[in-house]
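Encoded as structure tokens, the structure appears first; notes follow it.
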Amino acid sequence: MKNMIRKLASAFCASIMLFTVSAPSVMAEDEEKFPSGIKQSEFEYEMTRLPNISEPNISDKNDSFDYTESGAVGVFRGDEILYTNYYGATDRANNKAVDSDSVFEWGSISKTLIWVSVMQLKEQGKIDLDRDVREYLPEGFFQHLSYDEPITMMNLMNHTAGWQESTYPIFATDKNELKPLGEALQDIEPAQAYPVGEVTAYSNYGAAVAGYIVECISGMSFADYVHKNIFEPLKMEHTSIAADRSDNRYVADKRSEMHSYQNYFYNCIDLGIIDKYCPIYPCGAATGTLSDLMTYAQALADKDAPLFQHKETQDEMFSGTLFYGDSDIPMWAHGFVITEYNVRTYGHSGATVSCQTNMAIDPESGIGVVAMVNEPDGNELLSKPFELVFGNLSPDKYGNADGNKSELNGYYLPQRSLKEGMGKINRYLQAVKGSNLGEVEGIGNGAYRIVQKSQMDGEESAMLIGKKRYSDGKTALSLPSCDYAEENFYLVKLMLLAMYMLTGIGGIYVLLISIKLKNHKRKAALAGSRMMTAGSAASLVSLIAILAVFVFFNNNDGLTDVQLTSLGIIQIICLAVCAVAFVSAVVNTMKAGDKKRILYIFSGVSNAICICAILYYQMYRFWNI
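For the sequence shown, the numbering used here assigns the number 19 to the initial residue and increments by one for each residue that follows.
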């Protein structure tokens, strides 16, 4: 919702700018307008008004600076470059500013190289988008499938193959650990947690599988294929795609010099050179200059379709493949994300541990915008230029509401998450409360819009969501990134998690009391007191183990086999100890007098809570995830 407010604010600033006399170039009557309705000169003027744009500012400490946005932005129409600008620095300590030679990681924009490659092979009759992809892969490639339905290339493009997020890291710190693409994919295969074709759950793994299929069909590495069929024809000489960037020495050298930065309460924190490698590289390893990314985007927007033998193939690539509800409003087009501004755009955004990027094109006008920043948390350069060029989505674009107005009730969990395994807790911490989205208006066939009015000028803007029902009867909200499925009894499950944490923390108190009694050489006053202590200790150890899962995910974006197995075994042991302690508490409760019974009941309840939490949240499960 913050992005929506930002869009509204941007639109307001643009409208004020139309009447500003301090920008004389605005008055040029013959100047063409962007799809948003503003002129190029107005766009350029508005870009100078970004609040955190200035020259790199070096501090004596070299680790904290006044925050300035860092990155590069380009706008084009057809083969004409309308605007390029560079902001901030790649190394503030050594006063190295971002410039045309700087390289940035594409992140998930790299996936569009997969989809272009697939469409090229389709054009040649070498792949059928509706056939089971296992026909193109080595026999027995997948090991963790839960459903028998075929997985098609269209499922991979729409992110509906049913895979949850991978539990394993998708980045490596040592390039010497990189394996061939096929092996790397098998090493991190996630669980297939959803029925094929039913749930949208954005999947890096699924996209990388499509890249490996390109390898299997073409007989060359994905990197070699992309260079031969995309980079070289477009003369993109300053972009790499290989996991270790060994395919482009210029990019490798420039990337090794780039620092990343973070805005921390308006101080710019130097994060240093964060250089990691993506073993499943087709999904996010491309790295290059702004100029090369613009060249690529221009080719996609070119009606002559230079990347294909027939322009009809490009037209097909930009046709909708996944829609909001049962409407004809698309949100995916053969792997390209469709964003509804004042006009419909096609593109993708991307994020790595060091950079963020964004790319959007309007094939009708031939206008496109690209932005690349060396800030892992992103900045306004990733959104403001796009809003200024393409405008905001008008609530009236798709007609009047059908009269179906309502507020969403309940809580919704992101399906792009870990539904199975010891990371399951995380999805419950990312729940969206339906009522917080405000009033939704049906616009027909399962498509809805959320309208917000600017408090500054009353101008309205909208965002689209889809609504559908799964085979298990659950309602889900659809966005391009993933579905959000309604979760029954969410607050009860969240309360179980809270009580589990309190039980674990309470275990510290019980252990301290036990140690104190032992030091004073006092005999146990209760039968089974040792089991009570053991149960409290197990609850504490279980809590520490699950916190370790969060630490590993935050630091490494996943867990290794050793970490998974070790933590899973620890949870199984804790589960067993709590189970024995629970039985002991029940037995002693029936024997004890009234005064002591309350202690046994408390012990039994505490152990029961821990048992239920470990089982429901699958903290013990370290296999097939």
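Note that the Cβ used here is the ideal one computed from N, Cα and C, for glycine as well.
Check for me: the alpha helix (DSSP H) holding residue i runs from which residue to which?
| i | result |
| --- | --- |
| P403 | K402 to F408 |
| N574 | S547 to N574 |
| L585 | D579 to K609 |
| I461 | Here I461 belongs to no alpha helix (DSSP H); instead the beta strand (DSSP E) covers E457 to G462. |
| Q280 | Where Q280 is concerned, there is no enclosing alpha helix (DSSP H), although the beta strand (DSSP E) it sits in stretches over S278 to Y282. |
| I620 | Note on residue identity: the sequence assigns Phe, not Ile, to residue 620. First-last of the alpha helix (DSSP H) with F620: D612 to Y634. |
| M171 | M171 to N176 |
| A241 | F240 to V244 |
| E201 | L199 to D205 |
| L252 | That residue, L252, is in no alpha helix (DSSP H); it is neither H nor E in DSSP. |
| Y268 | R267 to R273 |
| I99 | Counting along the chain, I99 falls outside any alpha helix (DSSP H), though it belongs to the beta strand (DSSP E) covering E98 to Y105. |
| Q142 | From DSSP, Q142 is part of no alpha helix (DSSP H); its letter is neither H nor E. |
| I127 | Run containing I127: none; DSSP gives neither H nor E here. |
| E64 | Q58 to M65 |
| Y446 | I443 to Y446 |
Provide the residue(s) that pair with residue i in DSSP beta bridges, ordered along the chain.
| i | result |
| --- | --- |
| F122 | G306 |
| V391 | G89 and Q374 |
| Y502 | P432 and L495 |
| R467 | E459 and L482 |
| D490 | In DSSP, D490 forms no bridge with anything. |
| A260 | Answer by DSSP bridge pairing: none, since A260 is not bridged. |
| W181 | Q210 |
| P187 | Looking at the DSSP assignment, P187 forms no beta bridge with any residue, so it has no partner. |
| D380 | I385 |
| G290 | S278 |
| L340 | W350 |
| S109 | Residue 109 is actually Asp in this sequence, not Ser. In DSSP, D109 forms a bridge with K114. |
Nearest by alpha-carbon distance to residue i: which of the options is it?
| i | options | result |
| --- | --- | --- |
| G365 | S120, L577 and K129 | K129 |
| Q636 | R273, L155, L436 and G106 | L436 |
| P187 | D322, G386, D205 and Y342 | D205 |
| S164 | D320, L617, G125 and Y212 | Y212 |
| T102 | T66, I564 and I169 | T66 |
| N427 | E505, F159 and K197 | E505 |
| E255 | V121, Y638, C596 and N463 | V121 |
| V391 | V116, F240, P498 and K451 | V116 |
| E64 | L593, L174, G353 and E398 | E398 |
| E438 | Y634, T370, M175 and L617 | Y634 |
| D333 | M440, G55, L318 and D344 | L318 |
| E157 | I231, D97, Y430 and A226 | I231 |
| E207 | S184, L565, E195 and L411 | S184 |
| Y282 | L411, G96 and N70 | N70 |
| A315 | A351, H352, M377 and D293 | M377 |
| I56 | A597, T218 and F408 | F408 |
Taking the C-alpha atoms as reference points, what is the distance between residue i and residue j?
| i | j | result |
| --- | --- | --- |
| V646 | E457 | Residue 646 is absent from the structure shown; the chain starts at 19 and stops at 643. |
| D271 | I629 | 53 Å |
| G290 | N266 | 22 Å |
| T583 | R467 | 45 Å |
| A261 | I379 | 27 Å |
| A631 | L520 | 12 Å |
| L325 | V134 | 8 Å |
| K492 | Y104 | 47 Å |
| R152 | C234 | 11 Å |
| F600 | R615 | 14 Å |
| F620 | L529 | 15 Å |
| N642 | S309 | 43 Å |
| V387 | H162 | 40 Å |
| N606 | M550 | 11 Å |
| W124 | R487 | 35 Å |
| P42 | M481 | Low per-residue confidence applies at P42: pLDDT is 38, beneath 50, and the placement is therefore not dependable, though the value from the model is reported in the following sentence. Spanning the two alpha carbons is a distance of roughly 34 Å. |
| A46 | L455 | Model confidence at A46 stands at a pLDDT of 47, short of 50, so the residue's coordinates are unreliable; what they give is reported in the following sentence. Between A46 and L455, the C-alpha separation is close to 41 Å. |
| G169 | E459 | Note that residue 169 corresponds to Ile in the displayed sequence, not to Gly. Their backbone Cα atoms lie some 34 Å apart in a straight line. |
| S496 | S479 | 19 Å |
| F83 | N112 | For F83, the pLDDT reaches just 47, beneath the cut-off of 50, and the residue's location in the model is therefore unreliable, leaving the point undetermined. |
| K423 | G464 | 12 Å |
Provide the residue span of the beta strand (DSSP E) that contains residue i, from first to last.
| i | result |
| --- | --- |
| T331 | First-last for T331: K329 to M335, but that is the alpha helix (DSSP H), not the beta strand (DSSP E). |
| T363 | R362 to A369 |
| N222 | Premise fails: N222 lies in the alpha helix (DSSP H), N222 to S236, not in any beta strand (DSSP E). |
| F159 | It is not in any beta strand (DSSP E) - F159 carries neither H nor E in the DSSP assignment. |
| I356 | F354 to E358 |
| M349 | P348 to A351 |
| K423 | K423 to E425 |
Let me check you understand the geometry: is the CB of residue i closer than 7 Å to at least one non-hydrogen atom of the ligand NAP?
| i | result |
| --- | --- |
| S128 | Inclusion of the ligand NAP in the displayed structure is not the case, the ligand content being empty and no account of it being possible. |
- May I ask you to verify whether the region 356-373 touches the region 405-420, counting CB pairs closer than 8 Å and requiring at least 3? yes
- Message: Measuring CB atoms only, is the region 333-349 touching the region 273-284, in the sense that at least three cross pairs come out at less than 8 Å?
- Response: no
- Task: For the region 298-306 and the region 191-206, state whether three or more C-beta atom pairs, one from each stretch, are separated by less than 8 Å.
- Result: yes
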